[in-house]
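**Q** Here it is, the structure, as structure tokens.
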Ligand SMILES: Cc1ncc(C[n+]2csc(CCOP(=O)(O)OP(=O)(O)O)c2C)c(N)n1
Ligand SMILES: Cc1ncc(C[n+]2csc(CCOP(=O)(O)OP(=O)(O)O)c2C)c(N)n1
Ligand SMILES: [Mg+2]
Ligand SMILES: [Mg+2]
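Residue numbers (this note's numbering), protein chains in the order written: chain B, 1 to 315; chain Y, 1001 to 1315; chain U, 2001 to 2348; chain E, 3001 to 3348.
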């Protein structure tokens, strides 16, 4: 990957900051979760940070990103403020969905997050709809559909690819393939190869989703191609889920065991930054500490925010 | 197609008789339809007879065939008696669905027709279910899913292929590709190539669906492979719809104009039979006349059958 | 916003201009697209030469009319995504039955989206579905389902019965910032009526009195409203006929006021009977106007089974103005008829 | 047929054997599979180590338990195709909400198939759906929808409230030759109750009186039945509590008999309120027992909006035994409460 070497320091530091924010926030959620302060199911992204960071670096606030149930990583990478996320998990009125959504339903219109859904598959079509709106109004934003490997089993996935191609829409499909649907491995749920199947409809590439520079480079190509009017693109990112499907516990599937040197996107990027001299070890430590501070702040914010007061909106 | 030449006379004559039955019955329906004796929407198969005949020749009464809205051809080829079909179109109690189904809902349990559906796509899954039943009960029948080109746009199509392959089920998928969804041409509804897409899941072959001997040979291979435990197979038959999507009128789309020598499966098979000496011209004329007689009989039967008397089955 | 100047309390004056229900729908859509460049139409066969039974023929802005593959579920999501990105889609289905393929999107997505985010984002989209009946359409091509959709919070349900309503309610539905399921009956398409040429919207949630009377309140929508009107006029019945026009929001006040006056209620609901719109009307009226009721309220609708195909069976399955008239006459006579849905299938 | 020897009029004697609702479901399925080799289970995560919240753990015939991809629509068609080919599938969904992906199959196919062919072919299949509530499940993971399914002709709808019913009704549903939607409430899973070890079936369409009383008839199913029972017992209320057990077919006779005696009706229906099960009960009771009613019948259920996520909002959204008790007491006191669904969301 020759392009890795040419990454600018600020881009690389953005990627690291974003991944660390996702990681450290997720670890903090996992630590707090057993205390029941967050009454909402959580699907954590630990291990998968590179996909969120590497793709979202190329997106603008105008691009509209539609997520499924595993929201925190890509939402933070897209710009959702930490305070808004944390307050939503705490069920507070200052949360990004005012306490009406919870972990699986995040909204941030200012940062191009028009919502996310807990029903697997369906939100893929919404990103296509955003692309259609961009095309019909001759605006320059992308629709982005973000989903897991198992969402490729849902019929709506194919219907969405077909229509995006027929209409040549500016849509980026991002498959965050962690190899599992809950505890069901990919081979048990998919007879097809995801990239090769997507390639029946549009340009599709598979990338190592634990290597943020690889994701960054591939996403750059895909986004550029879309922005220059080339129609939809498919990015298939193979990554790893370190946690159980839901909740605060580590994944205990032996076949899915983690090897940090091989699997950790943060470890790998930090090694690259140090080795290439783009950042010093001390800087990296400082960054981690700074992020920890923002998380402390977000939690204080959430804890001190009011609960929503029940009311019915008249229809 | 070397295998064409080796077809047995009785098989070839069966194919001809079946295609002629479908054709002549359809022409008769088209002639009668404007008189309003059949109060039901009809989707005729004129031009597409080779697919029904070529495939169904290899199916037994135990094999379970699930159809969509364009039913008459494959249903007759599978064994539905002409009288039962005609009486159903006439809304009579002697119809195969006792007058409750109409043209789009045909049933003949004795001949492996457990029903058909007017909602495009869904019945594809039912054939897979039949295959699952065969596998779970270790019986030797096939599930057969029969559908048009536009049904490949429905999500249930992919879901069905995926599951059939995951479970290695004895299922034959037959795509009767007439290039249209009503007046919408294939290129407007499908960004994918049907055969190549199906091949992502299972062995898939495209065949000239206006050449009954080609369909016959390809279906033979597919059915043999399934019966010997090879899992699902996909048969993509390119054919031509001579009529409008629905009703008794000829198709008037200039791009879809018919060239009998090129497009007519009956014309082509009769030429082959005569040229190869398998049948004489006189024999062919006699066959056509004989079929006409059966159609007369079926219509008399339908006309003289009682209408159902309205009643409610208690639930 | 181009819509704010259309006050829904304003009644466009009737000018004697007669057009069909179908033409009224077409005109409403065409004018909405002309008024607001965010409005577009999408649907299977929406762009073909048949123009959705004529209701979308020759629109002024064909570049905003999109045909789709047979992918109703994803297409609903596409419409939703477009609505969330600044457009105002009108998604059309040739048959209500095809909407069932899209129920995940309609119920889990479209209906829920505003609620899940505390209405920070709005979903201005219309889903048009056409109700079929007769000619052996059968069980999969004849469903109505207005009561079923209305059960889902987050969906408005609109069922116009006249050309005037068709245009005004379609424009109001497109103007609305929340999802509207707009159900048209195919058997009304040819009906002619007075329709102003100007743009006008009718309020969603306001019933319309189709006939004034004192002895019986009949609530009926869509085709049932027209059949009830025929029954009343042909037999000169003293009936207060109320067409709710929108199943949800439901103008229960107008219905209750009428029942307070007549003391008798019949709901004619061309839909499956169990827990449908008619049941809701009966339940609400009983809760609110209990002491005014002089007879037990009654419901007339479909039998509780799928539609059969044969003409003789269809003609037994469906209500007709004649059958409605018979039940109305008995109720007016004070008979406590038990309008058994099932019994009506056996023609007497 | 292995099922014919289980007479549904037979009550299996209670033996004091206490097992949970979840264990009762598991036992019922396990015994059905043991009794009849045509019975198999299919569903997303049906075969994983969690065993559908324990309701399918360690079944005796794992070879007849199939996990599936996230393809609920096709999988329903697969189950239907298998049912039409001689098997008796039990299709399980971890959440009722996931069934919405399969509505084309459930409504257009499964529910219609017998009707379309005049019952020449039968569709013996059970669709299990588990109802969620709480812990921020939110609008897409908490739907109940029993009234909604019941509106569709061709579907039976079963909603057991006790371990005894869970087993007996599940066995009866599997024994039934027509499609059954079987809805279990997740909050009932841990409840313990007396469950005979033997195989038994309970009739579909027969209500069960959970508490005897004279002053008020309360109709409630599933979790609502248990909450109503708690309310009645904790407050010593003179209430006739009827659990219909099956929403469809509905044992309206038992309900009407009770109302004839008490003169008052409250339906507690943990579901969306518009045109739901409660509306149907009120409508039918009003039609049949009009002159016996001393108060307008009332309904209590969910507010007419999607479920919010935050705990404080959830606790306001849902009914509790305390809230039910308050309404019952007022009705018993003869107050003509107007049990406004909406008002209950604002805790007072
Ligand atoms: C239609 C539907 N079926 C089932 C579920 C339950 N469910 C939630 S997440 C999940 C696994 C999804 O796997 P994948 O798409 O690979 O995403 P991942 O969780 O691995 O990020 C399942 C089965 C659901 N939410 N929606
Ligand atoms: C879900 C659904 N959407 C739309 C329709 C309306 N419809 C009936 S047949 C048809 C065209 C189907 O084309 P194809 O599958 O190629 O079959 P063909 O008619 O060409 O044999 C359409 C759109 C339907 N029946 N079901
Ligand atoms: Mg995954
Ligand atoms: Mg076709």
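Every residue gets a Cβ at the ideal spot worked out from N, C-alpha and C, and that includes glycine.
(1) At what residues does the beta strand (DSSP E) containing residue 2252 of chain U begin and finish?
(2) Quick one: is residue 3050 of chain E near chain U, going by C-beta distance under 8 Å?
(3) Have a look at B:136, B:191, B:189 and B:200 and flag the residue whose alpha-carbon is nearest the alpha-carbon of residue 1192 of chain Y.
(4) With a threshold of 16 other CB atoms inside 10 Å of the CB of residue 314 of chain B, please say whether the residue is buried or exposed.
(5) Residues in its own chain within less than 7 Å of residue 1001 of chain Y by CB, not counting five upstream and five downstream?
(6) Tell me the start and end of each unbroken alpha helix (DSSP H) in the segment 1009-1082 of chain Y that is at least 4 residues and wholly inside, in chain order.
(7) Closer than 7 Å by C-beta to residue 3275 of chain E: which residues in its own chain qualify, once you throw out the five before and the five after it? Chain order, please.
(8) Give the DSSP-derived three-state secondary structure of residue 3209 of chain E in the structure shown.
(9) Does any heavy atom of ligand 4 sit closer than 7 Å to the C-beta of residue 1178 of chain Y?
(10) Where do the ends of the beta strand (DSSP E) carrying residue 2301 of chain U lie?
(11) Taking Cβ to Cβ, would you say residue 3218 of chain E is nearer than 8 Å to residue 3268 of chain E?
(12) Excluding the five sequence neighbours on either side, which residues of its own chain have a C-beta within less than 8 Å of the C-beta of residue 1017 of chain Y, listed in chain order?
(13) Using the beta-carbon count (16 or more within 10 Å), is residue 3342 of chain E buried or exposed?
(14) Measuring from the CB of residue 2044 of chain U, is there a heavy atom of ligand 2 at a distance below 7 Å?
(15) At a cut-off of 7 Å, is residue 121 of chain B close to ligand 1 when judged by its beta-carbon and the heavy atoms of the ligand?
(16) On the three-state DSSP scale, how would you describe residue 3248 of chain E?
(17) Could you tell me whether any Cβ in chain E is nearer than 8 Å to the Cβ of residue 1285 of chain Y?
(18) For chain B, is any of its Cβ atoms less than 8 Å away from the one on residue 2008 of chain U?
(19) So does residue 3094 of chain E have its beta carbon nearer than 7 Å to some heavy atom of ligand 1?
(20) Enumerate, from N- to C-terminal direction, the unbroken alpha helix (DSSP H) stretches of 4 or more residues contained entirely within the segment 1096-1158 of chain Y.
(21) Could you please give me the residues that DSSP links to residue 1250 of chain Y through a beta bridge?
(22) Taking only three categories from DSSP, how would you classify residue 1175 of chain Y?
(23) Put residue 1222 of chain Y into one of helix, strand or coil per three-state DSSP.
(24) Quick one: measure Cβ to Cβ for residue 2248 of chain U and residue 2112 of chain U, integer angstroms, because I've assumed they're closer than 8 Å.
(25) With residue 28 of chain B and residue 302 of chain B assumed to form a contact (beta carbons below 8 Å), what rounded beta-carbon distance in angstroms separates them?
(26) Could one say the Cβ of residue 1081 of chain Y lies closer than 8 Å to chain E's Cβ atoms, at least one of them?
(27) Within 10 angstroms of its Cβ, does residue 2192 of chain U collect 16 or more other Cβ (buried), or is it exposed?
(28) Are the C-beta atoms of residue 189 of chain B and some chain E residue less than 8 Å apart?
(29) Could you check whether the Cβ of residue 202 of chain B sits closer than 8 Å to any Cβ belonging to chain E?
(30) Does any C-beta atom of chain Y lie closer than 8 Å to the C-beta of residue 3080 of chain E?
(31) Hey, out of Y:1146, Y:1195 and Y:1118, whose CA is closest to residue 1128 of chain Y's CA?
(32) Would you mind stating whether residue 2316 of chain U and residue 1310 of chain Y have Cβ atoms separated by less than 8 Å?
(33) Hey, is residue 3106 of chain E close to ligand 1, as in C-beta under 7 Å from one of its heavy atoms?
(34) Should residue 2013 of chain U go down as buried or exposed, given a rule of 16 or more other Cβ atoms within 10 Å for buried?
(35) Would you say residue 1193 of chain Y touches ligand 4, meaning its beta carbon is less than 7 Å from a heavy atom?
(36) Indicate the three-state DSSP secondary structure (helix, strand or coil) for residue 2089 of chain U in the structure shown.
**A** If we stick to the structure as given:
(1) Segment 2252-2262 is the alpha helix (DSSP H) holding residue 2252 of chain U; no beta strand (DSSP E) there.
(2) no
(3) B:200
(4) Per-residue confidence for residue 314 of chain B stands at a pLDDT of 39, beneath the threshold of 50, marking its modelled position as unreliable; the derived number appears in the next sentence. Answer is exposed; the Cβ neighbour count stays below 16.
(5) Because the pLDDT at residue 1001 of chain Y is just 42, under 50, the model does not fix this residue reliably, and the point stays unresolved.
(6) 1009-1032, 1049-1056 and 1072-1078
(7) none
(8) strand
(9) yes
(10) 2298-2301
(11) yes
(12) 1287 and 1291
(13) The predicted position of residue 3342 of chain E is uncertain, since its pLDDT is 40 and thus under 50; no value can be drawn from it.
(14) yes
(15) yes
(16) strand
(17) no
(18) no
(19) yes
(20) 1123-1136
(21) Y:1243
(22) strand
(23) helix
(24) So it is not a contact: roughly 16 Å between Cβ atoms.
(25) Going by Cβ atoms, the distance from residue 28 of chain B to residue 302 of chain B rounds to 11 Å, so no, they are not a contact pair.
(26) no
(27) exposed
(28) yes
(29) no
(30) yes
(31) Y:1146
(32) yes
(33) no
(34) exposed
(35) no
(36) strand
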